[in-house]
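Comments concern the structure below.
Number of protein chains: 2
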Amino acid sequence: MTKPAQFSKILRAWMDAFMHRSMRGWHRFAKSTGLSMPQISILMQLHHRGPCGMSEISERFDITPAAASQLVEKLAHVGYLERAEDPSDRRAKLLTLSAKGADFIKQGAEERYRWMDKLANTLSAEDQKKVSEALTLLIDAAKEMDK
Amino acid sequence: MTKPAQFSKILRAWMDAFMHRSMRGWHRFAKSTGLSMPQISILMQLHHRGPCGMSEISERFDITPAAASQLVEKLAHVGYLERAEDPSDRRAKLLTLSAKGADFIKQGAEERYRWMDKLANTLSAEDQKKVSEALTLLIDAAKEMDK
DNA sequence: GTATATAGTTCAGCGCGCTTAACTAAAAAG
DNA sequence: CTTTTTAGTTAAGCGCGCTGAACTATATAC
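Spelled out as structure tokens, the structure:
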């Protein structure tokens, strides 16, 4: 009974320490590149959940189809994604991240990785191994939970 | 040589998997409460870096003093923070999170913790212990790096 | 004391994300 | 074939974050 509570506490401390730091990082990146956070969020979703339709965008980000359409229009205009017609349903659009868009996202992630790498390098080889194993556990568990 | 690269890869996989999920979580929370992301970011900074002046806000979020002043004004108006005069410099203001503001932030974090807890519960007791130790290492390292 | 730098505020104006409402086009239901 | 539902677009308008510029008040330099 005390063990799970303790575990939960550590998870929370971790999230507190790192999540909003990441948020600020993305925000800065967004500003430096001229894109907005919502636009970047869409590219990120496309990046690691693959192509989808407009409706999925508006559902996942909880905005109206109109808003989704306008955001996507801007991203398509600068060439970060492509809007193709879904062959199985000519009303629907199939949104795919372009190579340029993928590069963009990778570059943004790269910047945020830096401090994480720096952080990692302050650990001993032994500790790094421990952390690796633990994070792998978490990553796998997360994949499992997403189905 | 291959070990550090491997470690770095795992750190990145972790960040990819979790960070933007957290971002979406905060965004939803923001919308549901009527505050904006910038406002919440300020409260979060106050929450875990303690009181500071206006200038620190504008520096850390990379906005003009004017913008910082306006954001803080709104937060003060709804009672999430207090703007007191710095006794050592009567030009400067000392921003502190109010109890109400602290509650607000905790509640927002609470919501995002939920899936993390769910995730944690899919792990065996043994794995939970491994993860706990590893995250503690990371948290301590981060504190160290922040000086 | 005068001059200059610093901390913060106020205001006009801009861009952006968002919504509502009206619309087009294709698919599904009858 | 007609009706209705679904996917997405377009346009007007609102609120908000942000900036630049002008301003107040305190602190520092000479």
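These protein sequence lines are chains B and H, in that order. First residue of the first sequence? That's -19 in our numbering, and the numbers climb one at a time after it. First residue of the second sequence? That's -19 in our numbering, and the numbers climb one at a time after it. Where is the CB? At the ideal position from N, CA and C, for every residue including glycine. Note that this is a predicted model, so its numbers are computed, not measured.
Discussion item. So that I know if they touch, is there some Cβ in chain H lying closer than 8 Å to that of B:Ser16?
Written reply: To locate residue 16 of chain B, count along the first sequence from 1; it is residue 36. So no, B:Ser16 is outside the interface.
Discussion item. Between the alpha carbons of B:Glu113 and H:Ile119, how many angstroms are there, rounded?
Written reply: If you number the first sequence from 1, residue 113 of chain B lands on position 133. If you number the second sequence from 1, residue 119 of chain H lands on position 139. Taking the straight line joining both Cα atoms gives about 16 Å.
Item to complete: Tell me whether the beta-carbon of B:Met129 lies closer than 8 Å to the beta-carbon of H:Tyr93.
Response: The requested residue 129 of chain B does not occur in the structure, where chain B is confined to residues -19 to 127.
Worksheet entry | B:Arg71 in three-state terms, based on DSSP | By 1-based counting over the first sequence, the position of residue 71 of chain B is 91. DSSP places B:Arg71 outside both helix and strand once states are collapsed to three, so it counts as coil.
Worksheet entry | Closer than 8 Å to chain B by CB, H:Ala10 | Locating residue 10 of chain H in the second sequence gives position 30, counting from the first residue. By this cut-off, H:Ala10 is not an interface position.
Fill in: CA nearest to the CA of H:Val52, picked from H:Asp83, H:Gly88, H:Ser104 and H:Pro18
Counted from its first residue, the second sequence places residue 52 of chain H at position 72. Per the Cα distances, H:Pro18.
Discussion item. Considering only their Cβ atoms, is the gap separating H:Leu(-9) from B:Leu115 smaller than 8 Å?
Written reply: Taking the first residue of the first sequence as position 1, residue 115 of chain B is located at position 135. Taking the first residue of the second sequence as position 1, residue -9 of chain H is located at position 11. Yes, the Cβ-Cβ distance between B:Leu115 and H:Leu(-9) is below 8 Å.
Fill in: Test: H:Val111 CB closer than 8 Å to a CB of chain B
Position 131 of the second sequence, counted from the first residue, corresponds to residue 111 of chain H. Chain B contact via Cβ: present.
Discussion item. So with CB distances below 8 Å, who are the chain B contacts of H:Arg4?
Written reply: Position 24 of the second sequence holds residue 4 of chain H. For H:Arg4, the neighbours in chain B by C-beta distance under 8 Å run, in chain order, Ser21, Arg40 and Phe41.
Discussion item. By DSSP's criteria, H:Arg63 is part of a beta bridge. Which residues make up the other side?
Written reply: Taking the first residue of the second sequence as position 1, residue 63 of chain H is located at position 83. In DSSP, H:Arg63 forms a bridge with H:Leu75.
Worksheet item: Under a CB-based cut-off of 8 Å, is H:Asp(-4) close to chain B?
Response: Position 16 of the second sequence, counting from 1, holds the residue named residue -4 of chain H. Judged by the 8 Å Cβ criterion, H:Asp(-4) is in contact with chain B.
Discussion item. Taking 6 Å as the limit between beta carbons, can you name the residues of its chain near H:Val111, skipping five residues before and five after?
Written reply: On the second sequence, position 131 is the one that residue 111 of chain H refers to. Correct list: empty, nothing qualifies.
Fill in: CB-CB length for B:Leu99 against H:Met125, believed under 8 Å
Here residue 99 of chain B corresponds to residue number 119 of the first sequence, with the count starting at 1. Here residue 125 of chain H corresponds to residue number 145 of the second sequence, with the count starting at 1. By a beta-carbon distance limit of 8 Å, B:Leu99 contacts H:Met125. Their separation comes to about 6 Å.
Worksheet item: Applying the criterion that 16 or more other CB atoms from any shown protein chain within 10 Å of the CB defines a buried residue, is H:His28 buried or exposed?
Response: Counted from its first residue, the second sequence places residue 28 of chain H at position 48. Result: exposed.
Worksheet item: So which of H:Gly59, H:Ala122 and H:Glu91 has the shortest CA-CA distance to H:Lys81?
Response: The residue labelled residue 81 of chain H in the question sits at position 101 within the second sequence. For clarity, residue 81 of chain H is Gly in the given sequence; the question names Lys instead. Across the set H:Gly59, H:Ala122 and H:Glu91, the C-alpha of H:Gly59 shows the shortest separation from the C-alpha of H:Gly81.
Discussion item. Tell me the residue span of the alpha helix (DSSP H) that contains H:Leu55.
Written reply: For the purposes of this step, residue 55 of chain H is identified with residue 75 of the second sequence, where counting begins at 1. Start and end: Pro45 to His57.
Worksheet item: B:Phe84 and B:Leu23: beta carbons closer than 8 Å?
Response: Within the first sequence, numbered from 1, the residue matching residue 84 of chain B stands at position 104. Within the first sequence, numbered from 1, the residue matching residue 23 of chain B stands at position 43. Cβ atoms of B:Phe84 and B:Leu23: closer than 8 Å.
Discussion item. Comparing C-alpha positions only, which one of B:Arg63, B:Ser(-12) and B:Arg1 sits nearest to B:Trp95?
Written reply: If you number the first sequence from 1, residue 95 of chain B lands on position 115. Nearest option by C-alpha distance: B:Arg1.
Practice prompt. Give the straight-line distance between the Cα atoms of B:Ala105 and H:Glu106, rounded to the nearest whole angstrom.
Written response: Within the first sequence, the letter at position 125 stands for residue 105 of chain B. Within the second sequence, the letter at position 126 stands for residue 106 of chain H. Distance from the CA atom of B:Ala105 to the CA atom of H:Glu106, rounded to whole angstroms, is 22 Å.
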